[in-house]
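Let me begin by presenting the structure, written as structure tokens, before commenting on it.
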Amino acid sequence: MMAATVLAIVVQRNLFSVVVLAGVYSFLMATVLVALDAVDVAMTEASVGAGISTVLLLGALYLCGGEEAKPTPRAWLPLAVTLVIVGALVYGTHGLPAFSDPLAPIHTHVVPRYLGQALAETGVPNVVTAVLASYRGYDTLGETVVVFTAGIGVIALLRRLRRGKKEEE
Amino acid sequence: MRREPVLRVVGKLLIPYMLVFALYVQFHGDFGPGGGFQAGVIAAAAIIFYALIFGLPAARRLVPEWLVETMVAAGAFLYLAVGFAGLALGGNFLDYFVLDRDPVAGQHRGIFWVELGVLITVSGVMLKIFYMFAGRQREG
Chain A
134 MMAATVLAIV
144 VQRNLFSVVV
154 LAGVYSFLMA
164 TVLVALDAVD
174 VAMTEASVGA
184 GISTVLLLGA
194 LYLCGGEEAK
204 PTPRAWLPLA
214 VTLVIVGALV
224 YGTHGLPAFS
234 DPLAPIHTHV
244 VPRYLGQALA
254 ETGVPNVVTA
264 VLASYRGYDT
274 LGETVVVFTA
284 GIGVIALLRR
294 LRRGKKEEE
Chain B
163 MRREPVLRVV
173 GKLLIPYMLV
183 FALYVQFHGD
193 FGPGGGFQAG
203 VIAAAAIIFY
213 ALIFGLPAAR
223 RLVPEWLVET
233 MVAAGAFLYL
243 AVGFAGLALG
253 GNFLDYFVLD
263 RDPVAGQHRG
273 IFWVELGVLI
283 TVSGVMLKIF
293 YMFAGRQREG
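For the protein sequence lines, the chains are A and B, in the order given. According to this note's numbering, the residues represented by the first sequence are 134 to 302, in order. According to this note's numbering, the residues represented by the second sequence are 163 to 302, in order.
Set out below in structure tokens:
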């Protein structure tokens, strides 16, 4: 079903349906994440990917019109670059440990401590929250600062545009 | 869209529940799925929904620009403040164990404030981006 959605996105020329299909894709991705027991990530995907970004893209469409530009006739170089990158990524997956291998490095490093001790050390039953806010507090601080920087960047860019227009008039 | 009675009624019915659900996701994040990022997005989505139905000026009256811009900075500041509170009380940066006499309670308190900071920044940034895009005129 996800493959069908992606094909539809690629084939569609109308950007409005592309945006809606991207939202559909996000929801399908969220169900996949629920099936993988990653409920926190699924929730983020559903709310950010399918909700907010769809609204923002629709707002952008309202500003710049709904039809895709005519594709350039021959795009062999981008195709070749894409194929090489896909080949390298697929080759790279052979080096990964097998799916749900209990001896994979990720399961033997700090995960046992997180899973075993998180409740006793932090008193928070949801391990995701414990790791996110406590053990990996620095990383979450970094993420918050990234979001903050994005907001500041948008403010700076669009404010300047508005002022520039006033000066032209 | 301001004249659509169905949308207005459904919006009035749903928006309070969306805001309450955002708070639930925020404060229940310790026990179930959820946390600051998700709750911030849901709260921002409720306001954006309001703006879509009742128009941007009404939303700007409800949540004014200066408040949104303050939220963008205040959340990140709150997060940093928790980190420095740990320093001031004799621990490391972002060390929650020193925030209370009982280390586990201190962890709880630290996570609570940090998640609150994330909520404020995320919803502020989302709203700000939406206001900025929606406030522009169509070119040409």
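Cβ coordinates follow ideal geometry from the N, Cα and C atoms, glycine included. Nothing here was measured: the structure is a model prediction, and the numbers come from that model.
Within-8 Å CB hit, residue i to chain B
i	result
A/Ala-168	no
A/Glu-301	The pLDDT assigned to A/Glu-301 is 48, lower than 50, so where the model puts this residue is not dependable; a value taken from the coordinates is nonetheless given after this. It does not; no Cβ of chain B falls within 8 Å.
A/Leu-291	yes
A/Gly-270	yes
A/Val-188	yes
Reference residue i, options the options, closest by Cα
i	options	result
A/Val-280	B/Ala-207, B/Gly-217, B/Gly-202, B/Ile-210	B/Gly-202
B/Ala-208	B/Val-266, B/Lys-174, B/Leu-249	B/Lys-174
B/Val-280	B/Ala-206, B/Met-180, B/Val-172	B/Ala-206
B/Leu-224	B/Met-233, B/Ala-235, B/Tyr-212, B/Gly-268	B/Tyr-212
A/Leu-190	A/Val-244, A/Ala-155, A/Met-162, A/Trp-209	A/Ala-155
B/Thr-283	B/Ala-243, B/Phe-239, B/Ile-273, B/Leu-176	B/Phe-239
B/Gln-200	B/Phe-292, B/Ile-177, B/Ser-285, B/Gly-217	B/Ser-285
A/Val-278	B/Ala-250, B/Tyr-186, B/Met-233	B/Met-233
B/Trp-228	B/Arg-298, B/Lys-290, B/Pro-219	B/Lys-290
B/Glu-231	B/Val-168, B/Val-276, B/Met-288	B/Met-288
B/Leu-251	B/Phe-295, B/Gly-268, B/Ala-221	B/Gly-268
B/Trp-275	B/Leu-242, B/Ala-221, B/Asp-264	B/Leu-242
A/Leu-332	A/Thr-177, A/Val-165, A/Thr-187	Nothing can be reported for residue 332 of chain A: it is not among the residues displayed for chain A, which extend from 134 to 302.
B/Ala-235	A/Arg-292, A/Leu-290, A/Gly-286	A/Gly-286
B/Met-294	B/Ile-273, B/Arg-222, B/Val-266, B/Gly-245	B/Arg-222
Chain A contact residues for residue i, given Cβ-Cβ distances below 9 Å
i	result
B/Thr-283	Thr-277, Val-278, Val-280, Phe-281, Gly-284
B/Val-234	Val-280, Phe-281, Gly-284, Ile-285, Ile-288
B/Arg-222	By Cβ distance, chain A contributes nothing, its closest Cβ being about 15 Å from B/Arg-222, past 9 Å.
Counted within 10 angstroms of its Cβ, other Cβ atoms place residue i as buried (16 or more) or exposed
i	result
A/Asp-170	exposed
A/His-227	exposed
A/Asp-173	buried
A/Val-214	exposed
A/Ser-150	exposed
A/Met-135	exposed
B/Gly-302	Bear in mind that the predicted position of B/Gly-302 carries a pLDDT of just 37, short of 50, making it unreliable; the figure below should be weighed with that in mind. Under this definition B/Gly-302 is an exposed residue.
A/Thr-262	buried
B/Glu-277	buried
B/Ala-166	The question names Ala, but residue 166 of chain B is Glu in the sequence shown. Burial call: exposed.
B/Tyr-179	exposed
A/Glu-282	The amino acid occupying residue 282 of chain A in the given sequence is Thr; Glu does not appear at that position. Result: exposed.
A/Tyr-271	exposed
Under 8 Å from the C-beta of residue i: neighbouring residues of chain B
i	result
A/Ala-193	Phe-295
A/Ser-180	Gln-200, Val-203, Ile-204, Ala-207
A/Met-162	Result: empty, since nearest Cβ-Cβ is about 15 Å, beyond 8 Å.
Interface residues of chain A facing residue i [CB-CB closer than 7 Å]
i	result
B/Gly-279	Thr-277
B/Ala-238	Thr-277, Val-278, Phe-281
B/Tyr-241	Leu-274, Thr-277
B/Val-182	The premise fails here: B/Val-182 is roughly 15 Å from chain A at the closest Cβ pair, so nothing lies under 7 Å.
Proximal residues of chain B, C-beta to C-beta of residue i below 9 Å
i	result
A/Ile-185	Val-203, Ala-206, Ala-207, Ile-210, Met-288, Ile-291, Phe-292
Beta carbon proximity, residue i to chain A, threshold 8 Å
i	result
B/Arg-170	no
B/Ile-273	yes
B/Val-225	no
B/Gly-159	Only positions 163 to 302 of chain B appear in this structure, which leaves residue 159 of chain B out of reach.
Neighbour flag for residue i against chain C, beta carbons, 8 Å
i	result
B/Gly-245	Looking for chain C here will not work: the only protein chains present are A and B.
Closer than 7 Å at the beta carbon, the chain B residues around residue i
i	result
A/Leu-265	Gly-197
Residue i: CB within 7 Å of a non-hydrogen atom of the ligand ZN
i	result
B/Leu-214	Among the components modelled here there is no ligand, and therefore nothing to report on the ligand ZN.
Which runs of the alpha helix (DSSP H), 4 residues or longer, sit entirely within the stretch 156-219 of chain A? With a minimum length of 4 residues, the unbroken runs of alpha helix (DSSP H) contained wholly in the stretch 156-219 of chain A fall at 172-177, 186-197.
Minimum length 4: unbroken alpha helix (DSSP H) runs contained in the stretch 200-236 of chain B: Considered as a whole, the stretch 200-236 of chain B harbours 218-224 as its complete alpha helix (DSSP H) runs of no fewer than 4 residues, in chain order.
Could you tell me which uninterrupted alpha helix (DSSP H) segments, each at least 4 residues in length, are contained entirely in the stretch 255-298 of chain B, listed from first to last along the chain? DSSP runs (the alpha helix (DSSP H)) wholly in the stretch 255-298 of chain B: 265-296.
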